[in-house]
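Peer 1:
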Amino acid sequence: SRIDKLRKVGLCIEAAQNRGYRLAGEPNQLNIHLLEAWLSENSQPCKVFLRESTDSTNSEAERLLANGNSAPFAVLANTQTQGRGRLGRSWHSPRDGNLYLSVAFRPDVDLIKLRSFTLWQGIRICQLLGKVTENSKLSVKWPNDLFHQNLKFGGMLTEASIDCERVKSLIFGFGLNLNASCKKFPNDLKEQATSLDEINGASLRIHEITAKIIKTVFSAYDDCLAGRVEKNLVAEWDKVDALAGKNIRITQGGDVIRGKACGIDADGGLKIKLRNGRLKTVRAGDVTLGK
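Under the working numbering, think of the first position of the sequence shown as 1, with each following residue one higher.
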């Protein structure tokens, strides 16, 4: 039974008369049997690959797809040696307490159906984590970072294989500072980072949170395929927009655009009011706060 499997890996499971079983203290690292129990509890069937360590969960998902594994599936790791973020940046991946997740799909649909995929995932995950922590100040910084009061606690990286304007495979990567202390992060990161633990004021159950995030990722993906995103995207983004009304700089190659962030357009592009009063929309670039 699942209870026996959990006990065999050293977890303390207590039986309560007429009330079932209770886990006495949850580990700060993922356990496959415990995660599967929570996925079952959340009615989200999903094939899961859990690695103690991998270079990057996105890279591992890519290898699993290349080897012919049927999708969808999730890849998780307790640590990454070459975790990566957007624009080729590395993602700091300490061993204990954080979440490193990739979910792989084989959509085989027109690219236009998934044009707002990352933004919609960000909105939905931010909403979920806001409920879990009962914190209304969580936000999404365009296009792919989760923030709390100007401190980053999560990031997304979507990678796709596209052929003739059709998305053949899709990998959604998500890194979350969950229960780790950001004080132990490298100097260049710790002043800019926070964790859900620090935001919440108490540690969170990693298996429960992970199962809920996986369910949310599947649900947001279904929204995209079913065409439910476009009519709600701008209004829902406005509720979680970390940049709204703020002075920002956008770097595109060697060019820098300065102005005030004014939300997104219907296609997910970032709208900026330039200093001359003109409105400009950008679809790529590195965004930083400040004049």
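For every residue, glycine included, the Cβ atom is placed at its ideal position computed from N, Cα and C.
As the structure is a prediction and not an experimental result, all values here were calculated from the model.
Within the continuous beta strand (DSSP E) that includes Thr288, where are the two ends?
Peer 2: Here the beta strand (DSSP E) through Thr288 covers 286 to 289.
Peer 1: Suppose you measure from the CA of Leu87 to the CA of Ile248; what does that come to, to the nearest Å?
Peer 2: The pLDDT assigned to Leu87 is 45, lower than 50, so where the model puts this residue is not dependable, and the model offers no usable value.
Peer 1: Select from Arg278, Lys141, Glu60 the residue whose C-alpha is nearest the C-alpha of Trp237.
Peer 2: Ranking Arg278, Lys141, Glu60 by Cα distance to Trp237 puts Lys141 first.
Peer 1: Could you spell out where the beta strand (DSSP E) holding Cys262 opens and where it closes?
Peer 2: 255 to 264 is the extent of the beta strand (DSSP E) around Cys262.
Peer 1: Could you pull the start and end residues of the alpha helix (DSSP H) that Ser43 belongs to?
Peer 2: Per DSSP, Ser43 belongs to no alpha helix (DSSP H) and is neither H nor E.
Peer 1: With 16 other CB atoms within 10 Å as the buried threshold, where does Leu274 fall?
Peer 2: Exposed: under 16 other Cβ atoms inside 10 Å.
Peer 1: Does DSSP classify Asn200 as helix, strand or coil?
Peer 2: Helix.
Peer 1: Exposed or buried, what is Asn179 when buried is set at 16 or more other beta-carbons lying within 10 Å of its beta-carbon?
Peer 2: Its Cβ being crowded by 16 or more others within 10 Å, Asn179 is buried.
Peer 1: Hey, out of Ala37, Glu62, Gln80, Glu41, whose CA is closest to Arg51's CA?
Peer 2: The shortest C-alpha separation from Arg51 is found at Gln80.
Peer 1: In the structure shown, what three-state DSSP assignment does Gln80 receive?
Peer 2: Looking at Gln80 - three-state DSSP - the assignment turns out to be strand.
Peer 1: By DSSP's criteria, Arg319 is part of a beta bridge. Which residues make up the other side?
Peer 2: Any question about residue 319 goes unanswered here, given that the chain covers just 1 to 291.
Peer 1: Identify whether Thr194 lies in helix, strand or coil by the three-state DSSP scheme.
Peer 2: Looking at Thr194 - three-state DSSP - the assignment turns out to be coil, as it is neither helix nor strand.
Peer 1: So what does DSSP say about Arg63, is it helix, strand or coil?
Peer 2: If DSSP states are grouped into helix, strand and coil, Arg63 belongs with the helices.
Peer 1: Here's a check: name, in chain order, each residue in its chain whose Cβ is nearer than 6 angstroms to the Cβ of Gly10, leaving out the five neighbours to either side.
Peer 2: Confidence in Gly10 is poor, its pLDDT being 49 and thus under 50, which makes the residue's placement unreliable; the coordinate value appears in the next sentence. Within the same chain, Gly10 has no close Cβ partners at all.
Peer 1: Could you give the uninterrupted runs of the alpha helix (DSSP H) lying entirely in the region 213 to 240, keeping only those of 4 residues or more?
Peer 2: Correct list: 230 to 240.
Peer 1: Using DSSP with H/G/I as helix, E/B as strand and the rest coil, what is Glu159?
Peer 2: Correct three-state label for Glu159: strand.
Peer 1: Give the single residue among Glu36, Gly97, Ala104 whose Cα lies nearest to the Cα of Asn67.
Peer 2: Out of Glu36, Gly97, Ala104, Ala104 has the C-alpha closest to the C-alpha of Asn67.
Peer 1: Which value, in whole angstroms, describes the spacing of the CA atoms of Ala71 and Asn276?
Peer 2: Computed Cα separation, rounded: 49 angstroms.
Peer 1: Just to confirm my understanding: we take Asp145, look at its own chain, exclude 5 residues before and 5 after, and list those with CB closer than 6 angstroms. What are they?
Peer 2: The residues are Lys152, Gly155.
Peer 1: Rounded to whole angstroms, what's the CA-CA distance from Ser56 to Gln82? Just pull it up for me.
Peer 2: Their backbone Cα atoms lie some 6 angstroms apart in a straight line.
Peer 1: Any heavy atom of the ligand FAD within a distance shorter than 8 angstroms of the CB on Glu236?
Peer 2: The ligand content of the structure shown is nil, which means the ligand FAD is not present either.
Peer 1: Following the continuous beta strand (DSSP E) through Phe105, name the residue where it begins and the one where it ends.
Peer 2: 99 to 105 is the extent of the beta strand (DSSP E) around Phe105.
Peer 1: Where DSSP assigns a beta bridge to Ser139, which residues make up the other side?
Peer 2: Phe147.
Peer 1: Whole angstroms are fine: how far does the CA of Gly130 sit from the CA of Asp267?
Peer 2: Answer to the nearest angstrom: the Cα atoms are 25 angstroms apart.
Peer 1: Which stretch, first to last residue, makes up the beta strand (DSSP E) that contains Phe174?
Peer 2: Taken as a continuous stretch (DSSP letters only), the beta strand (DSSP E) holding Phe174 covers 166 to 176.
Peer 1: So, with DSSP's three-state summary, where would you put Phe185?
Peer 2: Phe185: coil per DSSP, three-state reduction.
Peer 1: What's the C-alpha gap between Asn200 and Arg124?
Peer 2: Between Asn200 and Arg124, the C-alpha separation is close to 19 angstroms.
Peer 1: With a 10 Å radius around its C-beta and 16 neighbouring C-beta atoms as the bar for buried, classify Gln121 as buried or exposed.
Peer 2: Classification for Gln121: buried.
Peer 1: Look at the alpha carbon of Gly245 and the alpha carbon of Ala61, and state the distance between them as a whole number of angstroms.
Peer 2: So the alpha carbons of these two residues sit roughly 38 angstroms apart.
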